[in-house]
Amino acid sequence: MAGGRIRAKIRRSNLHTFACFRPKVREDEEPSALPAGPGYSRVVHCNQSNLHRKKPLRYKSNNISTTKYNILTFLPKGLFEQFRRAANIYFLLATCLSTTSVSPFSPVSMIAPLTIVVGLTMAKEAVEDWRRFIQDMKVNNRKVSVHKGDGVFGDRTWQRLCVGDVVKVKKDEFFPADLLLLSSSYEDGICYVETMNLDGETNLKVKRSLEVTLPLDDDATFKGFKAMIRCEDPNFNLYTFVGNLEFEREIFPIDPSQILLRDSKLRNTAYVYGVVIFTGHDTKVMQNATESPSKRTKIEKKMDHIIYFLFSVLLLISLASSLGFSVRTKYEMPTWWYLQAPDSEGLYNPNRPELSGLFHLVTALILYGYLIPISLYVSIEFVKFLQAIFIDQDIHMYDEESGTPAQARTSNLNEELGQVDTILSDKTGTLTCNQMDFLKCSIAGIAYGTRSSEVELAAARQMAKDLDDQEEEEANAGGAYRRSEIELETVITSRDKPGIKGFGFEDNRLMGGNWLHEPN
1 MAGGRIRAKI
11 RRSNLHTFAC
21 FRPKVREDEE
31 PSALPAGPGY
41 SRVVHCNQSN
51 LHRKKPLRYK
61 SNNISTTKYN
71 ILTFLPKGLF
81 EQFRRAANIY
91 FLLATCLSTT
101 SVSPFSPVSM
111 IAPLTIVVGL
121 TMAKEAVEDW
131 RRFIQDMKVN
141 NRKVSVHKGD
151 GVFGDRTWQR
161 LCVGDVVKVK
171 KDEFFPADLL
181 LLSSSYEDGI
191 CYVETMNLDG
201 ETNLKVKRSL
211 EVTLPLDDDA
221 TFKGFKAMIR
231 CEDPNFNLYT
241 FVGNLEFERE
251 IFPIDPSQIL
261 LRDSKLRNTA
271 YVYGVVIFTG
281 HDTKVMQNAT
291 ESPSKRTKIE
301 KKMDHIIYFL
311 FSVLLLISLA
321 SSLGFSVRTK
331 YEMPTWWYLQ
341 APDSEGLYNP
351 NRPELSGLFH
361 LVTALILYGY
371 LIPISLYVSI
381 EFVKFLQAIF
391 IDQDIHMYDE
401 ESGTPAQART
411 SNLNEELGQV
421 DTILSDKTGT
431 LTCNQMDFLK
441 CSIAGIAYGT
451 RSSEVELAAA
461 RQMAKDLDDQ
471 EEEEANAGGA
481 YRRSEIELET
491 VITSRDKPGI
501 KGFGFEDNRL
511 MGGNWLHEPN
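Printed below as a string of structure tokens:
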């Protein structure tokens with residue numbers, strides 16, 4: 001039975017379809033007429049995007065979304081996030097208990113605060129997610145020049161791009177999707193690309209088109225352009241690409257040097273022409289992007305531990321109160337003739353003090369429940385929201401060159417900023433001695449570190465040698481700056497301490513806890 005289901009799934013798969021229904025190759029048939037090839041499951045019809053509007057060649061749209069919620073998932077997912085907090089779980093249980101007959105308060109007094117706290121926090125989440133949605137819309141509505149037919153190019157929004165479209169990207173513009181470079185403003189088909197948004201590198205990378213597509217260097221040349229690309233499925237590898245271009249009855253291999261990735265920028269090149277291979281969430285940059293996680297900060301986790309402690313104290317107080325109530329109900333309730341118990345069979349039953357104590361435990365938990373502050377979380381959320389506004393308006397975090405201000409996409413992690421405990425350093429090129437020593441650093445524009453580097457030591461030795469050679473000139477100038485003084489100033493270090501391999505930093509302003517007293 002299981003084998004039958006597996007065989008049925010295989011028969012319905014695209015792989016089985018391509019394998020069983022692929023037409024036989026005839027000598028008089030053009031290679032571009034074939035729907036697929038061995039080893040390449042993605043087929044792109046260049047300059048024929050209309051063929052990708054129906055399955056099995058219909059691919060994802062170029063619309064992207066980085067939001068955490070949508071209309072359907074906001075309520076259930078938002079409530080789940082709120083009740084991950086220990087305090088909210090407690091108040092939810094207390095609200096349920098307040099509906100019983102042993103509650104000393106009206107249920108409204110518990111339901112209203114919990115609803116307000118959870119509602120305000122979810123409203124803050126909705127506002128921040130709406131901001132992410134606005135940012136996505138700005139990206140999706142960017143314009144790019146697309147071939148519309150007969151050698152005519154016109155503007156189209158990014159989200160309307162389809163696989164197979166031929167686009168023209170101009171200097172300092174971002175690539176709207178993963179493209180195959182066809183030609184550029186240079187005769188040899190090269191272009192320069194900045195991939196800082198992908199890998200953080202600021203140095204420009206050189207891309208080079210295939211020689212066969214070099215003649216496609218003008219809008220009019222795309223009037224009758226048709227080709228086919230067979231390539232790998234969407235994946236997250238930024239530096240690999242496997243595929244072939246079938247053009248003019250010939251097959252040409254494609255490598256990563258011909259691929260222009262989404263979110264990289266064209267530099268030092270007037271324009272390039274490219275054909276769309278991957279769109280939207282199929283692009284490599286989006287394949288590397290993870291779904292927006294729900295992160296919790298150290299302070300929030302610590303608050304949960306504090307809530308657990310307060311709940312333990314509350315439980316002890318309630319147990320002591322219920323124990324005292326059950327004892328007094330058993331031994332003293334019959335003598336209180338002046339008190340008419342409304343329910344002598346339940347809460348005030350001297351014959352069943354253990355039941356009376358259990359009922360009173362619930363009453364005490366609700367009565368003393370304000371020991372746990374319900375407004376604690378909402379106060380912290382409000383402070384974080386204001387901090388995010390201050391971050392957005394901080395003039396010191398404004399990039400004048402690009403005109404870009406700081407943007408806090410979420411306020412949940414404000415207190416995690418600046419919490420650095422490890423610094424990883426790298427060097428371009430090969431280390432001569434395979435050793436890197438930490439000697440100096442700069443914090444807020446102030447240099448720290450008193451030990452001398454090898455460059456400074458070599459410069460001091462050279463200076464001392466020059467002083468010896470020019471001893472007479474120094475005497476005439478009245479200079480008494482000798483090699484011994486130079487060596488004392490540059491070579492001699494402070495106290496003998498057990499060294500740490502790779503760590504030669506020394507500065508009394510930072511070491512021994514003195515960094516706490518520094519202004520920055």
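In full-length UniProt numbering, the protein residues as written are 1 to 520. For every residue, glycine included, the Cβ atom is placed at its ideal position computed from N, Cα and C.
Per DSSP, which one or two residues make a beta bridge with residue i?
{"i": "asparagine 244", "result": "Arg230, Pro253"}
{"i": "glutamate 154", "result": "The amino acid at residue 154 is misidentified as glutamate; the sequence shows glycine. Paired residues: Val146."}
{"i": "arginine 208", "result": "Ile190"}
{"i": "alanine 123", "result": "For alanine 123, which the question treats as bridged, DSSP gives no partner whatsoever."}
{"i": "valine 167", "result": "Val146, Gly274"}
{"i": "aspartate 394", "result": "Paired residue(s): none; aspartate 394 is not in a bridge."}
{"i": "phenylalanine 382", "result": "Answer is none; phenylalanine 382 lacks a bridge partner."}
{"i": "arginine 42", "result": "Cys231"}
{"i": "leucine 404", "result": "It should be pointed out that residue 404 corresponds to threonine in this sequence rather than to leucine. DSSP, once it has assigned bridges, lists Asp399 as partnering threonine 404."}
{"i": "leucine 510", "result": "Answer by DSSP bridge pairing: none, since leucine 510 is not bridged."}
{"i": "phenylalanine 174", "result": "Lys265"}
Work out the CA separation of residue j and residue i for me, nearest whole Å.
{"i": "isoleucine 391", "j": "asparagine 414", "result": "9 Å"}
{"i": "arginine 352", "j": "leucine 367", "result": "23 Å"}
{"i": "glutamine 387", "j": "valine 146", "result": "42 Å"}
{"i": "isoleucine 251", "j": "histidine 45", "result": "14 Å"}
{"i": "lysine 330", "j": "leucine 361", "result": "16 Å"}
{"i": "alanine 112", "j": "serine 318", "result": "23 Å"}
{"i": "aspartate 136", "j": "lysine 55", "result": "27 Å"}
{"i": "glutamate 354", "j": "glycine 418", "result": "55 Å"}
{"i": "serine 257", "j": "threonine 240", "result": "9 Å"}
{"i": "leucine 216", "j": "serine 183", "result": "6 Å"}
{"i": "threonine 73", "j": "lysine 148", "result": "38 Å"}
{"i": "threonine 279", "j": "lysine 205", "result": "22 Å"}
{"i": "phenylalanine 505", "j": "methionine 397", "result": "29 Å"}
{"i": "threonine 363", "j": "threonine 335", "result": "24 Å"}
{"i": "leucine 516", "j": "tyrosine 448", "result": "14 Å"}
{"i": "lysine 440", "j": "aspartate 399", "result": "27 Å"}
{"i": "serine 321", "j": "aspartate 304", "result": "25 Å"}
{"i": "phenylalanine 80", "j": "serine 103", "result": "27 Å"}
{"i": "threonine 221", "j": "lysine 265", "result": "25 Å"}
{"i": "isoleucine 446", "j": "leucine 457", "result": "22 Å"}
Mind checking residue i: buried by the 16 CB within 10 Å criterion, or exposed?
{"i": "cysteine 191", "result": "buried"}
{"i": "tyrosine 59", "result": "buried"}
{"i": "tyrosine 90", "result": "buried"}
{"i": "alanine 33", "result": "Low local confidence applies: a pLDDT of 37 at alanine 33 is under 50, so the model's placement there is unreliable, with the coordinate-based value given in what follows. Counting Cβ neighbours within 10 Å, alanine 33 comes out exposed, since fewer than 16 surround it."}
{"i": "methionine 511", "result": "exposed"}
{"i": "serine 379", "result": "exposed"}
{"i": "arginine 142", "result": "exposed"}
{"i": "proline 234", "result": "buried"}
{"i": "leucine 210", "result": "buried"}
{"i": "leucine 245", "result": "buried"}
{"i": "tyrosine 377", "result": "buried"}
{"i": "asparagine 508", "result": "exposed"}
{"i": "valine 276", "result": "buried"}
{"i": "proline 76", "result": "exposed"}
{"i": "serine 494", "result": "With a pLDDT of only 45 at serine 494, under 50, the local geometry of the prediction cannot be trusted, and the value read off the model is given with reservation. Flag for serine 494 reads exposed."}
{"i": "methionine 312", "result": "Per the sequence shown, residue 312 should be read as serine rather than methionine. The residue in question, serine 312, is exposed, as its Cβ has fewer than 16 Cβ neighbours within 10 Å."}
{"i": "asparagine 267", "result": "As written in the sequence, residue 267 is arginine, which differs from the asparagine given in the question. Classification for arginine 267: exposed."}
{"i": "proline 405", "result": "exposed"}
{"i": "asparagine 50", "result": "exposed"}
Considering only C-alpha positions, which residue in the set the options is nearest to residue i?
{"i": "aspartate 165", "options": "Phe225, Lys124, Glu211", "result": "Phe225"}
{"i": "proline 519", "options": "Ile443, Leu181, Lys284, Leu310", "result": "Ile443"}
{"i": "arginine 160", "options": "Ser257, Thr115, Ile64, Glu332", "result": "Ile64"}
{"i": "tyrosine 271", "options": "Phe74, Asp218, Phe241", "result": "Asp218"}
{"i": "cysteine 231", "options": "Phe222, Pro253, Pro215", "result": "Pro253"}
{"i": "threonine 67", "options": "Thr422, Glu506, Thr410", "result": "Thr410"}
{"i": "leucine 373", "options": "Glu454, Val117, Gln407", "result": "A small fix is needed here, since residue 373 is proline in this sequence, not leucine. Selected option, being the one with the closest Cα: Val117."}
{"i": "glycine 274", "options": "Phe325, Leu180, Glu248, Thr115", "result": "Leu180"}
{"i": "threonine 121", "options": "Leu93, Pro107, Gln82, Gly154", "result": "Gln82"}
{"i": "valine 163", "options": "Glu128, His281, Gly369, Ala123", "result": "His281"}
{"i": "asparagine 70", "options": "Val108, Asp129, Ala87", "result": "Asp129"}
{"i": "valine 152", "options": "Val167, Pro104, Val285", "result": "Val167"}
{"i": "threonine 88", "options": "Ala123, Ser375, Ser185, Thr290", "result": "Before going further, note that residue 88 is asparagine rather than threonine in the sequence given. For asparagine 88, the nearest C-alpha among the options comes from Ser375."}
{"i": "glutamate 300", "options": "Pro405, Phe359, Asn412", "result": "Asn412"}
{"i": "threonine 269", "options": "Lys465, Glu173, Glu248, Lys384", "result": "Glu173"}
{"i": "glutamate 125", "options": "Gly78, Val212, Glu201, Gly324", "result": "Gly78"}
{"i": "asparagine 237", "options": "Arg461, Ala289, Gly369, Arg249", "result": "Ala289"}
{"i": "residue 528", "options": "Gly403, Leu358, Leu315, Thr404", "result": "Nothing can be reported for residue 528: it is not among the residues displayed for the chain, which extend from 1 to 520."}
{"i": "lysine 384", "options": "Lys465, Lys265, Ala408, Ala94", "result": "Ala408"}
Segments of 3+ residues assigned as beta strand (DSSP E) that fall wholly inside the region 257-316: Whole beta strand (DSSP E) segments, 3+ residues: 265-267, 271-278.
Which ranges would you report for the beta strand (DSSP E) in the UniProt domain "P-type ATPase N-terminal" (44-111) if only whole runs of at least 3 residues count? For the UniProt domain "P-type ATPase N-terminal" (44-111), not a single whole beta strand (DSSP E) run of length 3 or above is found.
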